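K.L.:
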Amino acid sequence: MSEGRTPGRTRTVGIVVAVAALAAAVYAVVSQLTGPVVFGEDDREITVSSGTHFSIRLKDNPSTGFRWVLAAPEPDPAVLRMTGGHYDADEPARPGSGGLRYVDFMARGAGRTEVTLRYCFRCGTPQADEQDENSRTRRFRVTVD
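Just so we're aligned: 57 in our numbering is position 46 of the sequence shown, and the numbers increase by one with no gaps anywhere.
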């Protein structure tokens with residue numbers, strides 16, 4: 012009798028595993044399609060819900076020695092937290108060509124705060140010249156509901 016039940020249990024376990032794998036695949040596809048909300052550098056007023064992951068997209072060209080950094084004052088950590096970022100080179104990627112920088116945030120709790128991003132030359136190095144006439148600053152007012 013126990014031999015007759017084993018194939019049924021094995022089949023049930025197989026179906027459960029297959030359904031779980033399918034659910035995980037669907038979730039991965041939906042996450043990739045929806046992704047974080049992306050705001051451009053002209054979106055100076057940003058409103059998001061608590062728990063939302065979002066990015067601010069800025070034109071960038073790291074080959075010039077300039078880069079975008081989070082500047083003081085930093086956002087209120089109870090409202091917003093920077094979570095990282097990435098750079099996407101223009102296609103086709105060529106030496107000296109530019110691209111887009113994405114600075115990623117997580118909305119933590121209700122409130123208002125500011126994000127200040129500075130495009131500065133060799134930031135964080137002894138040669139840094141943040142007051143260079145070519146540096147620029149972008150300020151974003153972020154409201155988290």
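Backbone N, C-alpha and C define an ideal beta-carbon position, used for all residues, glycine too. The structure displayed is predicted, hence computed values, not measured ones.
(1) Name the DSSP bridge partner or partners of Thr63?
(2) Run through the DSSP bridge pairs and tell me what Asp99 is partnered with.
(3) Could you compute how far the alpha carbon of Arg55 sits from the alpha carbon of Pro106?
(4) Is it buried or exposed, Arg22, if we count other Cβ atoms within 10 angstroms and call 16 or more buried?
(5) For Ala104, would you say it is in contact with chain B, using Cβ-to-Cβ distances shorter than 9 angstroms as the test?
(6) Report the residue from Ile57, Tyr130, Asp156, Ala100 whose alpha carbon sits nearest the alpha carbon of Ala83.
(7) Among Leu111, Val30, Val126, whose alpha-carbon lies nearest the alpha-carbon of Ser74?
(8) Quick one, which of Val27, Val59, Gly76, Gly109 has its alpha-carbon nearest Tyr98's?
(9) At what residues does the beta strand (DSSP E) containing Thr127 begin and finish?
(10) Going straight from the alpha carbon of Gly96 to that of Ile67, what length do you get?
(11) Looking only at its own chain, which residues have a Cβ that is under 6 angstroms from the Cβ of Leu69, when we skip the five neighbours before and after it?
(12) Let's see if you can read the secondary structure: which residues bound the beta strand (DSSP E) around Gly51?
(13) How far does the beta strand (DSSP E) with Val155 in it extend, from its first residue to its last?
(14) Name the DSSP beta bridge partners of Glu56, please?
P.N.:
Taking the geometry as given:
(1) DSSP, once it has assigned bridges, lists no residue as partnering Thr63.
(2) Leu111
(3) 31 angstroms
(4) Classification for Arg22: exposed.
(5) Among the chains of the structure shown, chain B does not appear; only one protein chain is present.
(6) Tyr130
(7) Leu111
(8) When only C-alpha atoms are compared, the closest one is Gly109.
(9) Taken as a continuous stretch (DSSP letters only), the beta strand (DSSP E) holding Thr127 covers 122-132.
(10) 9 angstroms
(11) Glu52, Trp79, Arg112
(12) 48-51
(13) 147-155
(14) Arg152
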